[in-house]
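Protein chains in written order, with the working numbering: chain A, 1 to 359; chain B, 1 to 359; chain C, 1 to 359; chain D, 1 to 359.
Backbone N, C-alpha and C define an ideal beta-carbon position, used for all residues, glycine too.
See below for the structure under consideration.
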């Protein structure tokens, strides 16, 4: 319940920013799935720092070692242990932080809760922890690929710059073609410029990531506390810096009436049933209805500023903080693969759980 | 995982709209807590239909019978079984719905997932299910009361009508003094008028519920997948009709820079440490920091309209639907106690879990 | 984890001996299974007191009310709430026990753990709690019936009287034809006589229940901590008065060599693979191998004696205890359906979990 | 649920006999505990092969690398990742086993369940998996040490040779002074001789391990499905080759009457309450009562024989098997630290859980 996520397909993770590495155990991976190690590493590369001028300059190779659960290129149904060793560590950068609480970071709350903390680079609270999510998400995607379920996330908003329209107006695969991961190159450029400006000021900026799950069969999710949107919300809000989640029309549709939001059922071309619209976001009564699932995740401007901030030490003494280190001015581009990974974990988990509904 | 929620303090619920009743089991209630049955019933009364002209006209007494786990007025540490019998049932109202899929309801997805469904009043997907949440939440509140932790929710938005400012501008206890449960009587009146108008049109409307947790000690929540905001988001998105969640500045703060959102630490008057502002919403690094926790939940306009809608039968035949029954045009007022209940469950659960961090 | 058992098929129970009743929630029951209410009640009747001269004279009808999860005679996949109201209560019998710790009962440990306890009839520690297990087990059996998996338990030993040979020497269905539930009528008679003698002395006696699962497909169980025998052992040792568990040759085969215990694989008649012997008890490497699963559960002589015993009060004062009430001198006959129920819960649970091993 | 064990203190393990290594994640380790790495390695050394002439001749250093959750010599409350790399692998020894099902091994059931398996050295079903248990158990012991709770296991029986009397007749610490781990040197010698004889015949032999938990406070365990004995039974039966469990008088006391088994309460010297005897084995009503907890675990003669056995291939063809490799003729000596480790995990887990019973 602490460092595990998922019911049937389940990730248990460990690791700190400046310890030996980041890793975990993936339990419940279906047996017999081909393991495409290049794909897994490619997913990690999408997350790693230093991949573009927009992200932190830290260079971390983030190579994953798969330790178990695979035999002759296929998953065996046994738990998959994995480890990504930490490399480019400058622990000394952090020595003066040992007794200082950085504003809006986890330093104060960890110290209060545990009575001690690894202060180097945020320790367990570092976003390096998301490496384990990306690895597990990559395995989930390998399974979902066989079910023709695809998941794409993209940067929808940076600061006040919004991608206009809806996800259906774009070819989402284009998002990977620019550093911001926005499917519209013009908007992406404006976003990139904004991030650069903010970075130059030693400041940071937030935004919104959109995510779409296509090809999801009907019936995933559980009616009561395990509603599909509840599992997704849990997954997304557990990502560092996430501040909000909505799906379907979400917060944006609150000015509408029920008659404007309801999705009317109609016969489809194959003699089945579909809906005329998809304002519900692909989920009704907590269960997927076969339409595209789409949701949004809000990310705050990250707390680490490259400018002076006043704060206090762990003894309550005033302290003037000047973050050094190398940091992202905007996490959105690198959070895109993390959002996808968590979505993949949820969808595969619910897919497997759904198999137990009938004898 | 399906009909249970919580790790240590844990509700398992059952029941359908038109079955024998709604009930559940509360496991992990701390021992020795005085059981104020009047308070529990009062919480249920805040949720029940027919309490005001704004809500559905259905009259349901919703009296709770406590079946176990209590001895001579105190909790024993044993599981608390409870049952609220269904009363005012008009199953025949629903007979013609047996083969019809109501738009944006759970009918279609349940039928697809399970191969059969109790079509009467939505069955398990009915919001009557939230009765069990309110009962468990009332028990949680009884425990939290001893810790001086209080939870208040209120209607913050209906359609396009927003309560201006922040929660700190209002005496939230005033929310209970009007039918809308908005702490500002003038805004409440405007909201009530809007709901009445929408109702008169046979339509529905959504909005936002705000919630504030006060007196929460530092350190509640777990760093990784069990972040306090992730548990809250899961809880809130599992409520019927909820479409979104954010906390702190959330979606609204995305135009700001990090330097505008960071909460600077300062010494407090008692020699401790506090923050100058609370834009974080009382949670940092996934753990409560001792400040007020505040979050918002978006609710869609409910799907049941009292006007004609076109849809299909379970065989794909076109069908013209005219909902009868008695329904809320806006769930916000009655969802307020449900939001509080789920928040209370999460906070107590995390409080108990946090006791296991040290030997 | 406290009052829940099972992963996918999951019972959460509540209730005390002298409270309103005993009940629970069955979550994860597969959808679409026909509910044979007569069978469920018949299973309860096998457990209820007063069914024969060998068991306690208490008369309890133990009628179960099914509260949810069933529609037009079939399970809906939604949680099944149920309640068996307590009837024949003589709470006054227990008033003098309020401050007394009965030897080898739960009085002392409950008081120490919780700081208070319902002293009437043992409260939550009463074997009446097993009612909920029998109800859930009956539902599990209804599902297993469709898979041609059958479970039979029987009294194998009372005091020093053992049923000779192995389970294969008997028609286990004959066990239901006598009060002891031993499949050999001559042995049953000797056991019955011993129980009567012990009862006449105001004393109690223990023994062993054997249980056989037939028709179980290969592959149920999970390799590591979820080995099938581990799940069964957990289930059995959670039954009141159970003191031991073994399977296959168990404790009895310890004088043998590996060469005497190994089950050699041979081709079977249908071109498949079987084993020449089944000393393993139907489980290898923690997984069912398609052979009969057989195991034993040891039950101690129950602690409630109808004779004087010295003890102390909750203030440590000496007290001379003379149990009144009406009690079993030997729990074995009534524990037989409880052992079957718990076995059925485990097997169905593992059957459902096993469906998630492949995509 | 598959490769995780424990509720609050929770081990998730991974690894196969001939893969990269064996490891896991320990979640819920209390914060601030000093980490004695020498002790952890010493516990592993008690389990490792090649430690005496009685055990397998395989030489494996089994050095553990601690990857996270520790800072400046203390636990941080964050998950502890660990890895023991496999070293002395002779995979080629197993090449001819690729299509052969070894009698009473997991080969057949794994193949059936998963459709593929790592045949080298038993893969995940190898007893090397218990390395992760010993590491987690060592951490648990470090915490229990601070609570003055000690756990000692010992070989109580090998084949037909039994240690006479009860555990109270011996200084259990002497068990570590001989290769068999039996606290009586004369009995140990006889056991060692028997094991050598059996080994010379290419055969194997089983036995019983006794275990005693001292200093356990009252109230650990949960009344219903989480009874302390149920958790212990689950833990023990999940160990490779374990076939039975009992506690207190267990299977041996079944000839006695209740009046012979009941433990009468008496005042103790400090004004508290104790029991005159401890036939219950330190647990009453599922909860520890402050007396010594003692239980036994039966282990079968291991299935790997160094003599010819007939079996079949995965295509059902007859095959004459001659195991080579290097194997234990009796697992008891090396299983002693595994039993202790699992007991330590259960006791610490329940200790932490018990903290949540009161506010």
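Bridge partners of residue i, per DSSP?
i: residue 308 of chain D; result: D/322
i: residue 70 of chain C; result: C/75
i: residue 246 of chain A; result: A/296, B/244
i: residue 211 of chain A; result: A/153, A/295
Use the C-beta contact count for residue i: other C-beta atoms within 10 angstroms, 16 or more gives buried, fewer gives exposed.
i: residue 276 of chain B; result: exposed
i: residue 320 of chain A; result: exposed
i: residue 62 of chain C; result: buried
i: residue 349 of chain C; result: buried
i: residue 177 of chain B; result: exposed
i: residue 146 of chain C; result: exposed
i: residue 322 of chain B; result: exposed
i: residue 328 of chain D; result: buried
i: residue 310 of chain B; result: exposed
i: residue 53 of chain A; result: exposed
Residue i to residue j, Cα distance in whole Å?
i: residue 108 of chain D; j: residue 284 of chain A; result: 43 angstroms
i: residue 111 of chain C; j: residue 65 of chain B; result: 26 angstroms
i: residue 159 of chain B; j: residue 318 of chain B; result: 31 angstroms
i: residue 187 of chain C; j: residue 262 of chain C; result: 31 angstroms
i: residue 307 of chain A; j: residue 83 of chain B; result: 58 angstroms
i: residue 68 of chain C; j: residue 13 of chain B; result: 10 angstroms
i: residue 122 of chain D; j: residue 240 of chain C; result: 37 angstroms
i: residue 172 of chain C; j: residue 128 of chain D; result: 40 angstroms
i: residue 247 of chain B; j: residue 5 of chain B; result: 21 angstroms
i: residue 79 of chain A; j: residue 279 of chain A; result: 39 angstroms
i: residue 346 of chain C; j: residue 207 of chain A; result: 48 angstroms
i: residue 232 of chain D; j: residue 167 of chain A; result: 53 angstroms
i: residue 316 of chain C; j: residue 101 of chain C; result: 9 angstroms
i: residue 1 of chain D; j: residue 355 of chain A; result: 17 angstroms
Anything in chain A within Cβ reach of residue i, meaning under 7 angstroms, just list it in chain order.
i: residue 360 of chain D; result: Residue 360 of chain D lies beyond the stretch modelled for chain D, which goes from 1 to 359, so this question has no answer here.
i: residue 352 of chain C; result: 356
Using a cut-off of 8 angstroms between C-beta atoms, extract the partners of residue i located in chain A.
i: residue 11 of chain C; result: Chain A residues near residue 11 of chain C: none, gap ~16 angstroms exceeds 8 angstroms.
i: residue 357 of chain C; result: 30, 31, 77
Hey, would you say the C-beta of residue i is under 8 angstroms away from at least one heavy atom of the ligand ATP?
i: residue 27 of chain C; result: Ligands displayed in this structure: none; no statement on the ligand ATP is therefore possible.
Can you pull the chain B neighbours of residue i, defined as C-beta to C-beta under 7 angstroms?
i: residue 303 of chain A; result: 258, 262
i: residue 8 of chain D; result: 356
Against residue i, what residues of chain C qualify as contacts under a CB-to-CB distance less than 8 angstroms, listed in chain order?
i: residue 105 of chain D; result: 284, 285
For residue i, which residues in chain D fall below 7 angstroms Cβ to Cβ?
i: residue 346 of chain A; result: Correct list: empty, because the minimum Cβ distance to chain D is about 18 angstroms.
What in chain B is Cβ-close to residue i, meaning under 9 angstroms?
i: residue 267 of chain A; result: 312, 316, 317, 318
i: residue 100 of chain C; result: Those do not exist, as residue 100 of chain C stays about 16 angstroms from chain B at its closest Cβ, beyond 9 angstroms.
i: residue 278 of chain A; result: Residues of chain B passing the Cβ test: none, with the nearest at roughly 10 angstroms.
**Request:** Give the residues from the stretch 209-234 of chain B that approach chain D closer than 9 angstroms (Cβ to any Cβ), ordered along the chain.
**Result:** For the stretch 209-234 of chain B, which is checked against every Cβ of chain D, the residues closer than 9 angstroms are 223, 224.
**Message:** Counting only Cβ-Cβ distances shorter than 8 angstroms, please list the residues of the stretch 126-159 of chain D near chain C, keeping chain order.
**Reply:** 129, 157, 159
**Item:** chain B contacts made by the stretch 27-41 of chain D, where a contact means CB separation under 8 angstroms
**Value:** 28, 30, 31, 32, 33
**Prompt:** If you measure beta-carbon to beta-carbon, which residues of the stretch 57-83 of chain D are closer than 9 angstroms to chain B?
**Reply:** 77, 78, 79
**Item:** Contacting positions in the stretch 236-259 of chain B - beta carbon closer than 8 angstroms to chain A
**Value:** 236, 237, 238, 242, 243, 244, 245, 246, 247, 248, 249, 250, 251, 253, 254, 255, 256, 257, 258, 259
**Asked** If contact means a Cβ-Cβ distance below 9 angstroms, which residues of the stretch 109-122 of chain A contact chain D?
**Response** 110, 113, 114, 115, 116, 117, 118, 119, 120
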